[in-house]
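> Residue numbers for the sequence shown follow the working numbering, so the first one is 408 and each next one is one higher. No residue lacks a Cβ here, since even glycine has one placed at the ideal position from N, Cα and C. Treat the numbers as computed from the prediction; the structure is a model and nothing was measured. Sharing a structure below in structure tokens format, with a few things to ask.
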Amino acid sequence: MPITLKPLHPLFAAEAAGLDLSKPLPPAQRDEIVAAMDRYAVLVFRGQKLDEDQQLAYARQFGPLDVGLRKIRKGQPHRFRHDELADISNVTVDGKVAPRDHAKIVNNIANQLWHSDSSFQKPAARYSMLHAVVIPSKGADTEFADLRAAWDALPEDLKREVEGLEAEHYLLHSRFMLGDTGYTEEQRKLLPPVTWPLARVHPGSKRRLLWVGIHATHVVGMTVPEGRMLLMDLLEHATQREFVYAHRWRVGDLVMWDNRAVLHRGRRFDLSERREMRRATTEDVEERIAGAA
Ligand code: OGA
Ligand code: MN
């Protein structure tokens, strides 16, 4: 069955129908998904029934998997058998809803700040694939902002100003902002900051995009306050409502987004209600030629 795409927003994001993601994709369909991702940057697949292994197998068809934050949490309890599956839930290893002061909750809240997954490391994330298992009765949408449209709409003088600038991205910046400072010197140094240009070109669509987000701490070569203010201004520009698609979850949804083209954030919800999502993520590395080492 061919894939059908139904746009969900005037600029980007589409619902993709006609696929059962629990089964391996024929190569032509995999390529069709990549092409649709280059165009839409967010694809919504409804009514998927994926266990942990099937979700990882789906993701692996698009490249090697990122383990993200598990790098600094090695050996800590995990609800899943695989480190490559991120536990985007407010549930503890014993299956109970985590109390509000549980260490895990700060991750839920940090996800509510506009970001691109793993932009604090190199390679960063390419595709994130988030699957809804249990959703709360209200709130908890996930929003996406189109960074290509944000670039296009930037005034010419600001484009010129931003072109050539780089920002430093650091994992714990968002945590510090939320007042979560309980990290050892060793943990703070485990993932050192990386720099990215503020203006990037997407390798698939060749579109220019404004590369900002909460992991960006300051602009290289500017004072911290001036650079941080510029980053805040650019983030505000990039996340105007006209560039945002808000996804209202249903159980069984798998939403796939391109971290090189959009920012995303979760929305607030009642943390005493259960929310269980799992995410598989690919690393943004060059495509390997099939069969090559
Ligand atoms: C993520 C994320 C937001 C949400 O899974 O990377 O940021 O709404 N999720 O759960
Ligand atoms: Mn995220």
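1) Confirm the yes/no value for this check: CB of D524, any heavy atom of the ligand MN, distance under 7 Å.
2) Cβ of M536 versus every heavy atom of the ligand OGA: is any distance shorter than 7 Å?
3) If you compare alpha carbons, which of D553, G611, Q519, T602 is closest to F676?
4) From the DSSP output, which residues share a beta bridge with H489?
5) Assuming S526 and D473 make a contact with CB atoms under 8 Å, what is their CB distance in whole Å?
6) Taking the alpha helix (DSSP H) that S526 falls in, what are its first and last residues?
7) What does the alpha-carbon distance come out to for the pair E690 and L661?
8) Can you tell me whether R655 is helix, strand or coil according to DSSP?
9) In chain order, what residues of the same chain have a beta carbon less than 6 Å from the beta carbon of L718, not counting five sequence neighbours either side?
10) With DSSP as the reference, identify every bridge partner of E683, one or two as the case may be.
11) Is the region 662–670 touching the region 443–458 in the sense that three or more CB pairs, one from each, lie closer than 8 Å?
12) How would you write the range of the beta strand (DSSP E) that R614 sits in, first residue to last?
Based on what the coordinates show:
1) yes
2) no
3) Q519
4) Per DSSP, none; premise fails for H489.
5) Wrong, their Cβ atoms sit about 11 Å apart, outside the cutoff.
6) Here S526 belongs to no alpha helix (DSSP H), and DSSP marks it neither H nor E.
7) 18 Å
8) coil
9) Residue numbering for the chain in the displayed model covers 408 to 700; residue 718 lies beyond these limits and cannot be assessed.
10) S496, V541
11) yes
12) Segment: none, R614 is in no beta strand (DSSP E) and carries neither H nor E.
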